[in-house]
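Residue numbers (our numbering), protein chains in the order written: chain A, 14 to 496; chain B, 14 to 496.
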């Protein structure tokens, strides 16, 4: 029995020792190999994950470059939320639907944390140029062409592509490139109201001898033709009202710059690929990365293309290579999933749902109305679809309420007055592309306003207590910080 | 004996089983915790490390956004190197020391891979603004002020800081801001030859009614005073010759823009902190990240500051938030090590060593000479030091060799001709801040040229076979890619 017991024990012992060796070996191997997938990037990855793990109650977020408290950055809260973790709501706070900050797409990127993460090495593209001598990433350009092919919103074959710091830089580059210059007659620059005000502000700011802002397009229609060059800005879909505008001036001296910032399935059915001479796109309203300042122009004429490249070179020496790397990662993420369709499904569903809620509230009102939106066949979705524009273009229908911005402001809704867009202040632009918190608060305040409509109608709305309308155009108004 | 043996075996078995439990526990714990430091960032980190591990023989590098072959990006080789891993040297290839590509600092960042790595989340700063409503990172601004305090090259207390896409964007913003505008007399813009050509090219390109390029500063010295505003560009240290220039025009209507791109201990002793009205710095020649396009201006006057902010807003809506994040990481890396001194030690040692080699070669020549560089007390290093400028400003001393660019070109050295800097072509700028490969090849080719000097002198150099000098200004000349 002693021997039998000893033999059993020996077997167990041998087995156990073998197991020990195996486990030791496993530890040894994986301490160098599994972990060893990573060496120099581990610290940065840990730092980023620690920041991403900071809880801001779903009403804010912390960033790696945020102002710190202790070792970690503090939460940056959505409007009307505050406190250390953004959990404190201020009910009396106004719904801020002024700017076109495209945070409605933030949840899409949070859900794709792994796919969209990017590690930048300390020595990434320190130099000026890519191997072909340009400052335009060939890989990024290739992905942009692929994306347009998937969406069907722009012809890129046989066209040149220029990168800019958002569409902003490209707008003025295009005006420069389309102006004859060389001491001839200055080109005229026009747009049709209501329009995105930066066209006029930018053109006037640069005060070039080669071009000059010339007012509304309508002034030139009567004239029929022009002996000097007239450059027409066409925003399609339009900012603020979402209409699929077309150039109205036609003739040899009329040139159109198509601002296609919103020509994505989030906001509009895509009737056809833009086949025009010069069209400008931006990451801001496509992926929601307004802060990255990345845009591109698709140009037919080689001479115009070369002039725009010259502009980029003399103005900023091209777009930051870091920004180009980031844009590439974002487009890769989009394209890798569902052949590039999921971001548009997400964007469209979000916008459609917001429009349904907004329409429902406004539909019972006689005091307020929203713009009509058309339905079109969409080449991307393969069916007829309604538009879901980035902005509500709200109108105050009561004759005496000509200051619609003021009417809403008094009710705790900060929109952007129509006069900012060279329309009247009977309209107000309501941004529907900000955070869910901003949108929910807008619907809530609007609901209260509409609910009170019957009572108000008895007394007649006189705009009492309405503050002076001050155009607050945060997309382009510089805000400064005192030291 | 059986029982004794059994007891020994039992003890071993118990011990072994305990060890098994311990090892199991260890594995279980660290499979979730050690590895678990990382979740969403792991894939991006692995991808970046795989790219960084691509061997390019020390004569090139692969980037995450490089053109791929198979799954991985291909090596981008230094000039004169080629092949899959950049190991093939072409001896007949010319030394290209034309551009100011600051790759001499690349080894510094490779040595600090972990400290300088950055992980960007998919949702990083999608919106337009920082919490204070500006588009300027307060953390980055704070680090910039700290860095100047360490180096002692600029007064920042009580000054405003504006960010731009490299110094390039800030140069024109400053001209705009210093011009009176408003339909008055256009301001004149001047610079003293030899000077960085973008001042003239940019000013003329923008063709503003508010300012005009007016030629060399010397034309205005005789006049003494001016009734209209004259804006003087002062590059100090100067590009191309490294001199510590001062503004030459003094008076109420004269305004100076100090371009301080090279005012760092890599290139010059720092005699004193610049206390002037408007000075412009750039990351390009400080950390070597020219591709990031990040610069800043330090401004005394609040009105000028506000005008420059307006320029940034209407031109590009500020600097990419991705670029700002990257710049912050780079400055944090610098500041965390040796109180911010090691990058300057590295940069200065590299430049000093290059100058010693260059001087040694040229010192035995009568045909070529280099600019004199002065010594100054340096507040940063606390001692008298010689300059080690970014560029050699080589002169052809033989009367008949007035096309010095051509003389060098024929000998396999591509510099930048003096006429590009509005000097004569008797001088050529040689960039000393490119890769070590570029520098070594320059010294090699120059050595051969000097060695052959005696033989050549007998026959008399007539510039035979010299190609036509075509100014090749790659820092700002747009290079386009055909589709």
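Just so it is clear, CB atoms sit at the ideal spot from N, CA and C, and this is done for glycine as well.
Under the rule that 16 or more other beta-carbon atoms within 10 Å means buried, what is residue i, buried or exposed?
i, result
"residue 27 of chain B", "exposed"
"residue 445 of chain A", "buried"
"residue 390 of chain A", "exposed"
"residue 475 of chain A", "Reliability fails at residue 475 of chain A, whose pLDDT of 43 lies under 50, so the model's placement of it is uncertain and no value is given."
"residue 31 of chain A", "exposed"
"residue 362 of chain A", "exposed"
"residue 465 of chain A", "exposed"
"residue 399 of chain A", "exposed"
"residue 352 of chain B", "exposed"
"residue 46 of chain B", "The pLDDT assigned to residue 46 of chain B is 43, lower than 50, so where the model puts this residue is not dependable; a value taken from the coordinates is nonetheless given after this. Residue 46 of chain B should be labelled exposed."
"residue 256 of chain B", "buried"
"residue 188 of chain A", "buried"
Let me check understanding here. Comparing Cα to Cα, which of the options lies closest to residue i?
i, options, result
"residue 82 of chain A", "A:98, A:386, A:93 and A:214", "A:98"
"residue 342 of chain B", "B:53, B:57 and B:126", "B:126"
"residue 311 of chain B", "B:411, B:172 and B:52", "B:172"
"residue 355 of chain B", "B:306, B:315 and B:299", "B:299"
"residue 267 of chain B", "B:318, B:203 and B:274", "B:203"
"residue 115 of chain A", "A:436, A:258, A:184 and A:448", "A:448"
"residue 432 of chain A", "A:411, A:50 and A:441", "A:441"
"residue 379 of chain B", "B:408, B:316, B:453 and B:221", "B:408"
"residue 191 of chain A", "A:410, A:68, A:335 and A:290", "A:290"
"residue 147 of chain B", "B:252, B:454, B:337 and B:249", "B:337"
"residue 4 of chain A", "A:184, A:187, A:222 and A:211", "Lying outside 14 to 496, the shown extent of chain A, residue 4 of chain A is not represented and no answer is given."
"residue 106 of chain B", "B:460, B:454 and B:325", "B:454"
"residue 463 of chain A", "A:410, A:74, A:183 and A:135", "A:410"
"residue 70 of chain A", "A:59, A:130, A:56 and A:94", "A:94"
"residue 314 of chain B", "B:406, B:405, B:288 and B:272", "B:288"
"residue 195 of chain B", "A:220, A:174, A:188 and A:186", "A:220"
"residue 168 of chain B", "B:158, B:365 and B:176", "B:158"
"residue 231 of chain B", "B:260, B:224 and B:248", "B:260"
If I follow the unbroken alpha helix (DSSP H) through residue i, where does it start and stop?
i, result
"residue 212 of chain A", "211 to 219"
"residue 339 of chain B", "334 to 349"
"residue 363 of chain A", "355 to 376"
"residue 55 of chain B", "55 to 65"
"residue 401 of chain B", "No alpha helix (DSSP H) holds residue 401 of chain B; DSSP gives it neither H nor E."
"residue 122 of chain A", "119 to 123"
"residue 268 of chain B", "Careful: residue 268 of chain B lies outside any alpha helix (DSSP H), inside the beta strand (DSSP E) at 267 to 272."
"residue 500 of chain A", "Residue 500 of chain A lies beyond the range of chain A shown here (14 to 496); nothing can be said about it."
"residue 189 of chain B", "179 to 191"
"residue 225 of chain B", "Here residue 225 of chain B belongs to no alpha helix (DSSP H); instead the beta strand (DSSP E) covers 224 to 229."
Using a C-beta to C-beta distance shorter than 7 angstroms, which residues of chain B count as neighbours of residue i?
i, result
"residue 219 of chain A", "219 and 221"
"residue 334 of chain A", "304 and 305"
"residue 240 of chain A", "Chain B residues near residue 240 of chain A: none, gap ~21 angstroms exceeds 7 angstroms."
"residue 89 of chain A", "144"
In chain A, which residues lie with their C-beta within 7 angstroms of the C-beta of residue i?
i, result
"residue 302 of chain B", "139"
"residue 179 of chain B", "329 and 330"
"residue 70 of chain B", "Those do not exist, as residue 70 of chain B stays about 16 angstroms from chain A at its closest Cβ, beyond 7 angstroms."
Need the endpoints of the beta strand (DSSP E) that residue i sits in, please.
i, result
"residue 443 of chain B", "440 to 444"
"residue 244 of chain A", "243 to 248"
"residue 424 of chain A", "Note, residue 424 of chain A: premise wrong, no beta strand (DSSP E); not H, not E."
"residue 313 of chain B", "From DSSP, residue 313 of chain B is part of no beta strand (DSSP E); its letter is neither H nor E."
"residue 295 of chain B", "291 to 295"
Please list, in chain order, the chain A residues whose beta carbon lies closer than 8 angstroms to that of residue i.
i, result
"residue 214 of chain B", "327"
"residue 182 of chain B", "328 and 329"
"residue 65 of chain B", "53 and 134"
Applying a beta-carbon distance threshold of less than 8 angstroms, which residues of chain B neighbour residue i?
i, result
"residue 337 of chain A", "78"
"residue 375 of chain A", "Going along chain B, no residue has its Cβ under 8 angstroms from residue 375 of chain A, so there is no contact; the nearest lies around 27 angstroms."
"residue 127 of chain A", "52, 53, 54, 55, 56 and 57"
"residue 74 of chain A", "136"
Below 9 angstroms on C-beta distance, what does residue i contact in chain B?
i, result
"residue 346 of chain A", "135"
What residues in the stretch 304 to 320 of chain A bring their beta carbon closer than 8 angstroms to a beta carbon of chain B? 304, 305, 306, 307, 318 and 319
What are the residues in the stretch 99 to 121 of chain B lying within 8 angstroms of chain A by C-beta distance? 112, 114, 115, 116, 118 and 119
Give the residues from the stretch 440 to 472 of chain A that approach chain B closer than 8 angstroms (Cβ to any Cβ), ordered along the chain. none
Using a Cβ-Cβ cutoff of 9 angstroms, what residues of the stretch 140 to 152 of chain B are near chain A? List them in chain order. 140, 141, 142, 143, 144, 145, 146, 147, 148, 149, 150, 151 and 152
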